[in-house]
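Undergrad: Here it is, the structure in full.
There are 2 protein chains.
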Amino acid sequence: MSLRHAVLGLIAELEGASGYDLLKVFDVSLANVWTATQSQIYGELGRLADDGLIRVAAEGPRGRKEYAITDAGRAEMRRWLTETRPRYLRRDEPMLRVFFFGQAGAATAAALLDAESDALAGMLDELVELDERIPWKEDDLSFYGGLAIEYGKRFMEMRRDWARWARDEVAARDAGD
Amino acid sequence: MSLRHAVLGLIAELEGASGYDLLKVFDVSLANVWTATQSQIYGELGRLADDGLIRVAAEGPRGRKEYAITDAGRAEMRRWLTETRPRYLRRDEPMLRVFFFGQAGAATAAALLDAESDALAGMLDELVELDERIPWKEDDLSFYGGLAIEYGKRFMEMRRDWARWARDEVAARDAGD
DNA sequence: GGTCTCATGTAACTCGTTACATGATTAA
DNA sequence: TTAATCATGTAACGAGTTACATGAGACC
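Here the protein sequences come in this chain order: A and B.
Here the first sequence stands for residues 1 to 177, where the numbers follow the numbering used here.
Here the second sequence stands for residues 178 to 354, where the numbers follow the numbering used here.
Written out as structure tokens, the structure reads:
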């Protein structure tokens with residue numbers, strides 16, 4: 001139940017946030033780490049409130065609901081961080097396709113790998129820009145969010161370099177043996 | 178519908194494979210890229226056969242069904258590789274937790290990061306061993322599978338190094354300012 | 001007055017996980 | 001003979017996606 005803890009953890013850090021606020025956080029910094037849709041977030045906020053882990057602390061204009069974490073919620077967050085082990089489930093569509101590039105022919109495979117390294121270079125640029133735009137290290141969320149952004153940058157770099165290397169391997173195999 | 182194409186692609190490469198055979202491929206080489214459970218695989222094989230993309234080519238002992246791809250299946254595979262763009266959906270539980278390590282205190286955060294770099298070093302060892310055990314480059318699946326394994330190794334290395342770096346950042350922040 | 005952003009919610013569907021259930025064949 | 005491996009299938013549930021639906025407030 002990772003989404004549950006993502007939402008709960010954000011409410012803990014961002015007291016007074018609404019579902020709409022969380023949605024923006026998911027789109028920007030958390031996107032590198034966990035994606036969520038609008039309907040998921042609102043649904044989970046409702047369930048967390050029903051279970052007493054968060055509560056509606058205030059209501060604003062346009063039906064806005066501002067949430068705050070409860071003691072039970074803080075305890076659950078600590079339990080999740082310290083008493084559960086994360087799962088390393090990999091599900092990576094671009095990399096899955098690589099597995100089958102042989103079925104499209106070597107020339108097409110090389111072109112697809114080129115397109116991927118370009119896409120990755122673009123995503124890396126976006127992250128670097130984001131990293132420079134946000135004032136890190138001010139508070140805990142920023143500090144740990146900064147660690148996650150650094151991870152995102154390393155990830156994109158590694159992957160871009162891999163795509164370039166793989167492209168050369170495919171080209172060499174096509175030309176040579 | 179990535180699982181569908183993962184199963185379809187494997188049947189294309191491994192003519193005569195059964196659901197049970199695919200299950201092993203998913204557990205070993207494909208695990209770095211796409212995970213699937215037994216019930217998903219059998220379900221998808223049934224649906225692919227219903228849709229005419231694969232067919233039961235032979236039946237073996239113990240109810241074994243050996244599948245073969247059809248022309249419609251090969252066309253669908255080509256279409257998927259060349260006419261669709263992959264999605265970069267990241268959903269990474271260990272990294273999500275990092276986002277909230279501040280809520281457990283700096284000492285606990287450092288310990289959690291230590292545990293993670295150890296786990297990653299172990300997974301890297303497993304991949305290196307796998308890489309040495311399997312005879313790559315013999316056929317297309319092995320060649321492209323080898324590219325994916327190289328990716329897996331780079332991924333683990335990057336991640337292990339990141340965890341060590343992050344641990345030092347947390348320790349420095351805790352000691353210093 | 002019109003458009004943009006803020007703001008929430010639900011319904012239908014697909015995908016993924018866990019657990020159960022069953023049985024044949026092989027090798028020690 | 002008994003344990004391991006091979007082999008398939010389904011049922012219930014939980015998680016994630018897409019689309020629809022609605023409306024209030026802010027800005028120009």
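We put the CB at the ideal spot given by N, CA and C, even for glycine.
(1) May I ask you to list, following chain order, the residues of the segment 96-108 of chain A that have a beta carbon less than 8 Å from some beta carbon of chain B?
(2) For valine 33(A) and leucine 22(A), which I take to be in contact (beta-carbon distance under 8 Å), what is that distance rounded to the nearest angstrom?
(3) Report the residue from Ala296(B), Trp339(B) and Met300(B) whose alpha carbon sits nearest the alpha carbon of isoleucine 326(B).
(4) With distance defined between alpha-carbon atoms, name the residue in Asp71(A), Ile54(A) and Pro86(A) nearest to leucine 289(B).
(5) Using CA coordinates, which residue listed in Leu266(B), Ala208(B) and Gly193(B) is at the minimum distance from alanine 235(B)?
(6) With 16 as the cutoff for other CB atoms within 10 Å, does alanine 343(B) come out buried or exposed?
(7) DSSP beta-bridge partners for tyrosine 328(B)?
(8) Tell me whether methionine 37(A) is buried or exposed, calling it buried when 16 or more other Cβ atoms sit within 10 Å of its Cβ.
(9) Cα-Cα, which of Ala171(A), Glu13(A) and Gly9(A) is closest to glycine 105(A)?
(10) According to DSSP, simplified to helix, strand and coil, what is tyrosine 67(A)?
(11) Please return the same chain residues whose Cβ sits closer than 6 Å to the Cβ of isoleucine 246(B), not counting the five positions on each side in sequence.
(12) Under 8 Å between the Cβ atoms of phenylalanine 99(A) and tyrosine 321(B)?
(13) Step through the CB atoms of chain B and report whether any lies within less than 8 Å of the CB of proline 61(A).
(14) Are the CB atoms of leucine 297(B) and arginine 336(B) nearer to each other than 8 Å?
(15) With distances taken between CB atoms, is the gap from proline 271(B) to glutamate 303(B) smaller than 8 Å?
(16) Taking its Cβ as the centre, do 16 or more other Cβ atoms sit within 10 Å of glutamate 253(B), making it buried, or is it exposed?
(17) Smallest Cα separation from aspartate 161(A): which of Leu3(A), Asp118(A) and Arg173(A)?
(18) Does the separation of the CB atoms of leucine 273(B) and glutamine 103(A) fall below 8 Å?
(19) Taking the alpha carbon of tyrosine 88(A) as the point to measure from, which residue in Ser319(B), Ala208(B), Glu243(B) and Asp291(B) has its own alpha carbon closest?
(20) Under 8 Å between the Cβ atoms of glutamate 66(A) and glycine 73(A)?
(21) Does the beta-carbon of valine 202(B) have 16 or more other beta-carbons within 10 angstroms, so that it is buried, or is it exposed?
(22) On a Cα-Cα basis, can you pick out the residue from Arg154(A), Phe101(A) and Tyr20(A) that is closest to aspartate 174(A)?
(23) If you draw a straight line from the alpha carbon of glycine 63(A) to that of valine 56(A), how long is it in whole angstroms?
(24) Does glutamate 192(B) come out as helix, strand or coil in the three-state DSSP assignment?
(25) Taking the alpha carbon of valine 305(B) as the reference point, which residue from Ala340(B), Arg331(B) and Ala284(B) has its own alpha carbon closest?
(26) Consult DSSP for arginine 55(A) and reduce its assignment to one of helix, strand or coil.
TA: Let's see:
(1) Leu96, Arg97, Val98, Phe99, Phe100, Phe101, Gly102, Gln103, Ala104 and Thr108
(2) Not really, about 14 Å apart at Cβ, beyond 8 Å.
(3) Met300(B)
(4) Pro86(A)
(5) Gly193(B)
(6) buried
(7) BP columns for tyrosine 328(B) are empty, so no partner.
(8) The question names methionine, yet the displayed sequence has threonine at residue 37(A). So threonine 37(A) counts as exposed.
(9) Ala171(A)
(10) strand
(11) Ile188, Ala189 and Ile231
(12) yes
(13) no
(14) yes
(15) no
(16) buried
(17) Asp118(A)
(18) no
(19) Ala208(B)
(20) no
(21) buried
(22) Phe101(A)
(23) 12 Å
(24) coil
(25) Arg331(B)
(26) strand
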